[in-house]
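What follows is a single structure, written as structure tokens, with notes after it.
Number of protein chains: 2
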Amino acid sequence: MASLETALSALLAEKKYATARDILITMNGADIESVFEELPEESLPLLFRLLPKELAAEVFVEMDPEEQELLIKGFSDSELKEVVDELYADDAADLVEEMPANVVKRILKTADPDLRKTINELLKYPEDSAGSIMTTEMVTLRPAMTVAEAIKRIRRTGFDKETVYNCYITDDQRRLLGTITIRTLILAEDDDLIADLMEENVISVGTLADQETAAEMLARYDFTALPVVDQENRLVGIVTVDDAIDVLTEEATEDIERMAAILPSDKPYLRTGVLSIWSNRIPWLLLLMVSATFTSMILSSFENALAAQSALLLFIPMLMDTGGNSGSQASVTIIRALSLGDVEPRDIGEVVWKEVRVALLCGVSLGLVCFGKVMLIDRLLMHNPEVTVPVALVVCLTMAATILCAKLVGCTLPILAKLAKLDPAVCASPFITTIVDALSLLIYFAVASSLLRLV
Amino acid sequence: MASLETALSALLAEKKYATARDILITMNGADIESVFEELPEESLPLLFRLLPKELAAEVFVEMDPEEQELLIKGFSDSELKEVVDELYADDAADLVEEMPANVVKRILKTADPDLRKTINELLKYPEDSAGSIMTTEMVTLRPAMTVAEAIKRIRRTGFDKETVYNCYITDDQRRLLGTITIRTLILAEDDDLIADLMEENVISVGTLADQETAAEMLARYDFTALPVVDQENRLVGIVTVDDAIDVLTEEATEDIERMAAILPSDKPYLRTGVLSIWSNRIPWLLLLMVSATFTSMILSSFENALAAQSALLLFIPMLMDTGGNSGSQASVTIIRALSLGDVEPRDIGEVVWKEVRVALLCGVSLGLVCFGKVMLIDRLLMHNPEVTVPVALVVCLTMAATILCAKLVGCTLPILAKLAKLDPAVCASPFITTIVDALSLLIYFAVASSLLRLV
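Protein chains in written order, with my numbering: chain A, 13 to 467; chain B, 13 to 467.
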């Protein structure tokens, strides 16, 4: 790619605009945008004007809000109108949401009255709802049409539609009666009736449903588009599969962020400001820091025991970390399984029984290795005479017991969170670690007190 | 859903098969499979036989391998043939991969010779390659065809094709020349030439490319299908968007598992055996446990300091955990940004500069709160006179310095891993925690030695 940007810069410098255009029109919108990102900002308006209308709109949609704003500010009103009129309604609504007020005013002023009305309607749906990501451009047919009439209608009106592969059959109240794919239309006879061909068991989603629900339905049923209906079952739009993929990716990112104790952000990292990164990270850090008071309390109450057997101190970080890691393995596995629908809250019994067995296997194997490691590395290699066999025994028994507790806590908490209508993802690693830290210390001192007869 | 299963069971018990069938045929394959999962295994063959051929195949594809095997074992050869012949080639190949040898033999024996050949070809591609997830059923056209001829060809051959929305234009060597959508065909005149309408700048993927690459290309370009070509640019298949969604979901799960120090598994949790869960979790637990030897070494060398100022001990878990959490926030953010392409290795300078500023903000704010917490909770509330102002100062300075180091390590390690062609996801929370534990202890004792004048 690097050479392409150099070539384009050189062509611009030499004013060989026709050649630059010839190169650009062989490319896809998404790729052109990547190239533009690497070029100096001041060459963008010029390059953009070289593109044919439709391709220009494709490139525009792929740009960041900052770049879009820059371009719009340089546009004449007629240039702006050309781009906006080429946009699909859902992309235009997204654009309006991202731009500052004065730019929004210009966009709405230049847009077709129809488009303006649609944008305003789309903006009314709550953020992250199916309504907010749908497009209102789709082909609707009537049940009484023949295939030939339907194809004629698609030819007449279909040029602007984002997806013409699925057509929707409605009655005169705009209520959704059925769907038909272009595939069925093409394979049917000209005088077949739509009513006889259409699929009547329509799967649709409500405008107010979560966008994630809509995306998961598209994925589940292998649809390329999902109809969106209002509360009277009137067809108001469709969610297309490309938007569903974006939603699914976004939701996976949010889950991952929550698992790492970060509040989800909606911008790419490099474009997020330092202050907003800070404000997304600090709440959980604060909460987890303060809750570490429990570990201090436990350590404080066993201070004498530690003074009597100072070798015990050396293994505290290892025990806490191994416990934390074991617990987060279980919790992250269950969180992901819950989010994919592989595990339901009612499976809790099966989950616990499985984790108990995994924990016993992990506990026994790690406990044995741990005993060996403590005796070989910490006692022999590091020449620490305080690390005696009983101490090693205490450490490896604590290890096994901690792993059991950690896995149990790790697998049950996300399910309980889900039952309490909380997001299971917050029960991931950092949260589990804090709980398991305290547990592992309690187990450690309990085992030590009974085996070593501490003061 | 629960009532539907009860209703079906009741209908079966009363032998009202026609009614059961009437209910089932209103449903989608994925939904029927969910209902079947809840019913006793012995009723499956009966219910399955009630379904019309095409729907039966849809349901079959959604089932787990275990259920599929059970059904196939109950099938007569002609029943098996009916289902297999309805499957798309890629689904049939997936089935063959999952079944035990004797079942595979029966499937290949009953399949059409054409299908058998295709299955065998698909199985030759390496796992996780674009070739292994593609389907070989697609519509190919010639450039010299008119639109009317093309539509006639689609009508004649299109019934079996998994996606008829994209057609591919090839020469007589099967080399890919262009693509055309049904949308373009429908909107064109009958006597237009395919050569004049087709999109010649075709984006395609090689058979041996990673399936993730293919899925990301589909997502990037908003395609519903992506052509797959061999090394001579001959068209051999297409990857469809529904398979791309599955791949993207699978890859997100793998990333999440790696971040939690688990080796990726390819089965849903409830269907993974205890031993294989154990074997996916134990390697990292072992490695991380052994690497905790460093923290033991550090603690051991500062044993005297801790004995002199035993209050220092109380804050070790809090410092280690906060450091670990800060570090994993940074690493997980960068890992996800790398995997989404929001951050590239060459952005390392920008990333470090951003994280330094975030770390300073987090360090100062947490340090201040930490000082307050230590003085108020640990000193006053818990009546611990050993927690003096200098001790609190040491703790809060260590806190700030640890956060800075943790964020730096957290943001650079994933990028370095990527540069070294390793998976950045392994540098997530558990790995960072182990490093940061050691760092935080070193900082703690360095600060304590200089401020408290320890022995």
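Using N, Cα and C, we set each Cβ at its ideal position, and we do this for glycine too.
Check	Outcome
Contact set between the segment 391-405 of chain B and chain A, restricted to residues whose Cβ is under 8 Å from the partner	M394 and N396
Residue ranges of each alpha helix (DSSP H) within the segment 181-228 of chain A, 4 or longer	194-199 and 206-209
Three or more C-beta pairs below 8 Å linking the segment 116-128 of chain B and the segment 139-156 of chain B	no
Residue range of the beta strand (DSSP E) that includes V459/A	Here V459/A belongs to no beta strand (DSSP E); instead the alpha helix (DSSP H) covers S441 to L464.
Contact check, N178/A vs I250/A, beta carbons under 9 Å	yes
DSSP bridge partner residues for G468/A (one or two, in chain order)	The structure shown does not extend to residue 468/A, since chain A is modelled only from 13 through 467, so no value can be given for it.
Within chain B, the residues that F383/A reaches when beta carbons sit closer than 8 Å	The contacting residues do not exist; F383/A stays about 12 Å from chain B at best.
Any chain A beta carbon closer than 9 Å to V421/B	no
The segment 200-208 of chain B touching the segment 156-166 of chain B, judged by at least three CB pairs closer than 8 Å	yes
Integer-rounded CB distance, given that L134/B should sit under 8 Å from D6/B	Absent from the structure is residue 6/B, since the part of chain B shown begins at 13 and ends at 467.
Endpoints, beta strand (DSSP E) assigned at V151/A	V151 to L153
9 Å Cβ cutoff, N245/A in contact with chain B	no
Residues, ordered as in the chain, of the segment 62-78 of chain A that lie near chain B by beta-carbon distance below 7 Å	none
Selection from Y100/A, E78/A, D126/A and V95/A that minimises the alpha carbon distance to P112/A	E78/A
Chain-ordered chain A contacts of R369/B [CB-CB under 8 Å]	V286
Chain B residues whose Cβ lies nearer than 7 Å to that of A273/A	N337 and Q341
Pairwise C-alpha distance: F48/A and M13/A	Unreliable placement is indicated for M13/A, whose pLDDT of 44 sits below 50; the coordinate value is still reported in the next sentence. Going by the C-alpha atoms only, they are around 11 Å apart.
S322/B (DSSP reduced to helix, strand or coil)	helix
Heavy atom of the ligand FAD within 8 Å of E398/B beta-carbon	In the structure shown, the ligand FAD is absent, as is every other ligand, since no ligand is present at all.
The segment 298-311 of chain A in contact with the segment 447-460 of chain A per 3-pair CB rule at 8 Å	yes
Which of helix, strand or coil DSSP assigns to N114/B	helix
Enclosing alpha helix (DSSP H) for M146/B [first to last residue]	Premise fails: M146/B is in no alpha helix (DSSP H) and is neither H nor E.
Exposure label - D278/A; buried when at least 16 CB within 10 Å	exposed
CB contact below 9 Å: E362/B versus chain A	yes
Residue-level contact to chain B via CB, E98/A, 9 Å cutoff	no
Nearest candidate by alpha-carbon position, reference E244/A, set P329/A, R186/A and L209/A	R186/A
I181/A and G339/A closer than 9 Å at C-beta	no
Straight-line gap, I215/B to A227/B (C-alpha atoms, nearest Å)	13 Å
Within-9 Å CB hit, T305/B to chain A	yes
Beta-carbon contacts of A42/A that lie in its chain and below 7 Å, excluding the five residues immediately before and after	E74
Given E139/A as reference, the closest of A231/A, Q223/A and L209/A once Cα atoms are compared	Q223/A
Presumed contact (8 Å Cβ cut-off) between L51/A and S15/A, rounded CB distance	In fact, because the Cβ distance is near 13 Å, the residues do not count as touching under 8 Å.
Given 8 Å, three or more beta-carbon pairs between the segment 264-273 of chain A and the segment 413-428 of chain A	no
Contact set between T265/A and chain B, taken where Cβ atoms lie within less than 8 Å	R348 and L352
Cα-Cα separation, L92/B to N132/B	18 Å
Every unbroken alpha helix (DSSP H) inside the segment 82-116 of chain A [4 residues or more]	89-98 and 101-110
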